[in-house]
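Residue numbering for the sequence shown is 1 to 294, as defined by UniProt numbering.
Note that the Cβ used here is the ideal one computed from N, Cα and C, for glycine as well.
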Amino acid sequence: MVGSGRKRRPGGEGSQCEKPVDVKKSKSCEADIPTDLRKEVESHYRLSLPEDFYHFWKFCEELDPEKPADSLSLSLGLRLVGPYDILAGKHKMKKRSASLNCNLHWRFYYDPPEFQTIIIGDSKTQFHMGYFRLFLMKKLKEVTDKKKISLLKNIDEKLTEAARELGFSLEQRTAKMKQRDKKVVTKTFHGAGLVVPVDKNDVGYRELPETDANLRRICKTIAEAPGDDERLKAFAPIQEMMTYVQFANDECDYGMGLELGTDLFCHGSHVSETPPPPPLCFTQVVCPEPLHCH
């Protein structure tokens, strides 16, 4: 049967804050953030945040003690949002409302449930980042004003020094990202790849019967269909793949449905606006973080 074959990609410290630091061996020190504030952030977002999240806040406090969230606004056009809003004291809530979902706060149209926005840029381009990666070298090349160049270089030097002291890597591809790449079973439309549990018998993921290129063409045909009849006809390959997803779920290859659902979501247009079929909803429930399915 088409799409029935399974595929798996082969897989492959004490606290220190003194100079010099071996980034590969060092673990970062804990940022000076009150425990109750940490608990408030994690209570509202229902996920623990990495220590570099808090260290970056302390770094921005040094740049602008009055308004840390806006400390990069003048130089980089960036603002700290999301969980940082709680650190900034913008949300004073004694009890978390059952109807309030902070994980939808600052979520953009094409963001999958797994993405958490913490930094935003230009509202027109809707540029935003989840966790931080500052493209200062690109900014420096674009800027001609000497004062602004000096400001950017100053931030770059301070951030690089703080990261070095704390043992954080500023490389675009960190060691953890490379380790994750070894576990990726398929790339998906967003390019970050999909990691799902696959056991020793290769149960957990099977390939879609269409390549990414073909699936994009199918989605494009659906989105650009002139009428409902043509759109319904163009939807036939998707319906067939949903049948394969159901077979895959029955045999515990949940990654197939997660891949298809993620790709349809990332493409947008009429494809993602269609109510998700039961197999995709089921996949979100069983893979791998229950919070994301809600």
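Nearest neighbour of residue i, chosen from the options [CA to CA]
i           : options               : result
residue 114 : 209, 45 and 120       : 45
residue 173 : 256, 192 and 157      : 192
residue 118 : 182, 50 and 162       : 50
residue 32  : 54, 41 and 47         : 54
residue 209 : 237, 155, 198 and 201 : 237
residue 190 : 80, 183, 73 and 268   : 268
residue 256 : 195, 166, 83 and 154  : 195
residue 81  : 63, 105, 58 and 64    : 105
residue 86  : 62, 258, 206 and 39   : 39
residue 52  : 154, 152, 112 and 168 : 168
Extent of the continuous alpha helix (DSSP H) to which residue i belongs
i           : result
residue 83  : 83-87
residue 262 : 255-267
residue 60  : 51-63
residue 326 : Because the chain is modelled from 1 through 294, residue 326 falls outside the range shown and cannot be assessed.
residue 237 : 236-250
residue 173 : No alpha helix (DSSP H) contains residue 173, which DSSP labels as neither H nor E.
residue 44  : 35-45
residue 29  : Per DSSP, residue 29 belongs to no alpha helix (DSSP H) and is neither H nor E.
residue 219 : 212-223
residue 199 : Careful: residue 199 lies outside any alpha helix (DSSP H) and carries neither H nor E.
residue 146 : 146-166
residue 75  : 73-76
Own chain partners of residue i with C-beta closer than 6 Å, once the 5 adjacent residues on each side are dropped
i           : result
residue 129 : 119
residue 234 : 221, 222 and 225
residue 163 : 170
residue 73  : 79
residue 127 : 121
residue 151 : 75
residue 91  : 85
residue 42  : 48
Neighbourhood of residue i by C-beta, 7 Å cutoff - its chain only, sequence neighbours within 5 removed
i           : result
residue 102 : 44 and 45
residue 123 : none
residue 125 : none
residue 259 : 186, 188, 194 and 208
residue 77  : 121 and 122
Test: residue i CB closer than 8 Å to a CB of chain B
i          : result
residue 41 : Going by chain labels, chain B is absent from the structure shown, which holds only one protein chain.
Where residue i falls, given that 16 or more other Cβ within 10 Å makes a residue buried
i           : result
residue 89  : exposed
residue 227 : exposed
residue 133 : Its pLDDT being 33, under 50, residue 133 is placed unreliably in this model, and the value from its coordinates should be taken loosely. Exposed: under 16 other Cβ atoms inside 10 Å.
residue 71  : buried
residue 109 : exposed
residue 264 : buried
residue 297 : This structure does not reach residue 297, given that the chain is present from 1 up to 294, and the question cannot be answered.
residue 116 : buried
residue 215 : buried
residue 2   : Confidence in residue 2 is poor, its pLDDT being 38 and thus under 50, which makes the residue's placement too unreliable to answer from.
Close beta carbons around residue i, own chain, < 8 Å, minus the five adjacent residues each side
i           : result
residue 203 : 6, 251, 252 and 253
residue 148 : 75
residue 158 : 59, 62 and 63
residue 57  : 31, 33, 68, 80, 84 and 87
residue 160 : 170
residue 107 : 115 and 117
residue 200 : none
The ligand COA heavy atom lying under 7 Å from the CB of residue i
i          : result
residue 85 : Absence of the ligand COA from the depicted structure is noted, as is the absence of any ligand whatsoever, leaving it without description.
Give a yes or no on contact between the stretch 243-254 and the stretch 174-188, applying the rule of three or more CB pairs nearer than 8 Å.
They do not touch, by the three-pair rule.
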